[in-house]
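The sequence shown lines up with residues -31 to -1, 1 to 238 when you count with mature numbering (1 follows the signal peptide of the UniProt record, and there is no 0).
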Amino acid sequence: MQKLTRKLGAIAIAIILPLALIFSHVPAAHAYDAPELLPEKYTNVIDLGRFLTDSEELALDQKLTKFEELTGWKLRVLTQVDRTPGRAVKDFWGLDDRSVMLVADSRGRNLLNFSVGDEVYPLLSRGFWIELQSRYGNQFYVREQGYDQSILSSIDAITTCLEQDGCAVVPGIPQEQWILTLITSIVGGVVFGFAGHPRKEGEIFAWKWALIFTPLWGMLFISFGLGPVLTRTNEWVPIVRNVAGFVGGAVIAYLIPSPKRATPSPEAR
């Protein structure tokens, strides 16, 4: 009987304890709409999570004010950890269809979330916001660059794209993505070089075979090598490097001797 009682007690603890922990971490209902957390003085940045330094917060507030005066687009930033004003920020900031609110919350797997007005989507599609969130809000970027750089880099991307009337993709190319484009450029060059190996007596370069393999090396070099760079940045350095990688891969592959048909020895003749 005592053993049975102990087992039932252990089962009860195993069930009740997790539930107690879960409900103990549920925020109070008033946190969903808590205007008391809003500052008394109007500002474009509400840094409840203290992710920004005082100088960064002031500079960002001034930048967003000037941006709104020049373009009419309203950008706002809210950071939070365990407290949030919730829906109260909508009235505080007067958010409308020409507004974007960046919410930085360290409790999730991704730091960034965005509340986007309907008039913004024709210029910056949903794919843009997904890429922006995955690039600057992921845990690796936040761990290496910090909360502040994640927020500031995202705001820079948004303002840049709104100033130029929209973007198909997030401006700039991350280092790891550029390395991938460089690799594909080199592989494309290798395919081009091997395809151009002479196959006839006196032939210097087999242009016919190089053209036949155009879909392969062209896809690797142009679509996957240059395409992502040209659509994300105006810098010429990564473009030159990818072109150099393609040329280098082609030269190396061309200089590698290709297996030739064995020629008969003088004795066999």
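Note that beta-carbon positions come from the ideal geometry of N, C-alpha and C, so glycine has one too. These numbers come from a predicted model, not from an experiment.
Going by DSSP, S192 is part of no alpha helix (DSSP H) at all; its letter is neither H nor E.
Distance from F97 to V139 at the Cβ level is roughly 6 Å; contact confirmed, criterion being Cβ atoms closer than 8 Å.
Between R52 and N13, the CB-CB gap reaches or exceeds 8 Å.
Residue burial is scored here from C-beta neighbours: S192 has fewer than 16 other C-beta atoms within 10 angstroms and is therefore classed as exposed. Here S123 is buried: its Cβ has 16 or more other Cβ atoms, across all protein chains shown, within 10 Å. Counting along the chain, no alpha helix (DSSP H) covers K43; the unbroken beta strand (DSSP E) around it starts and ends at K43 to Q49.
Going by C-alpha positions, G115 is about 10 Å away from Y105. Shown here for L80: same chain residues with a beta carbon closer than 6 Å to its own, the five before and five after excluded, namely A73, G106, V111 and S119 in chain order. If you look at D16, you'll find it in the beta strand (DSSP E) that goes V14 to D16.
The residues L17, G18 and D74, in chain order, have a CB closer than 6 Å to that of Q49 in the same chain once the five nearest residues on each side in sequence are set aside. In the structure shown, S75 falls within a coil segment according to DSSP collapsed to helix, strand and coil. If you draw a straight line from the Cα of F161 to the Cα of T202, it is about 26 Å long.
Looking only at F182, T183, G171 and Q144, the smallest Cα-Cα distance to V198 is reached by Q144. Between G194 and F215 a beta carbon distance of about 7 Å is seen, short of the 8 Å cut, so the two are scored as contacting. Straight across, the Cα-Cα distance linking G157 with C136 is about 28 Å.
Counting only unbroken stretches of 4 or more residues, the alpha helix (DSSP H) elements lying wholly within the stretch 69 to 118 are 95 to 105 and 108 to 114, in sequence order.
Here G171 is exposed: its Cβ has fewer than 16 other Cβ atoms, across all protein chains shown, within 10 Å. According to the DSSP assignment, A219 belongs to the alpha helix (DSSP H) that extends over V206 to L224. Nearest neighbour of L131 by Cα position, chosen from Q146, G165 and V89, turns out to be V89. One thing to note: L29 has its Cβ no nearer than 8 Å to the Cβ of L39.
By the C-beta density criterion, T129 is exposed, having fewer than 16 other C-beta atoms within 10 angstroms.
In this model, P207 and F190 are separated by some 13 Å (Cα to Cα). For Q133, there is no enclosing alpha helix (DSSP H), as DSSP gives it neither H nor E. When DSSP states are grouped into helix, strand and coil, T150 belongs to the helix group. Y11 sits exposed, since fewer than 16 C-beta atoms from the chains shown fall within 10 Å of its C-beta. In terms of Cβ geometry, I99 and V58 do not form a close pair [threshold 8 Å]. Cβ-Cβ distances below 7 Å link T150 to F193, G194, P197, V198 and N211 in the same chain, with the five nearest sequence neighbours on each side left out; the list follows chain order.
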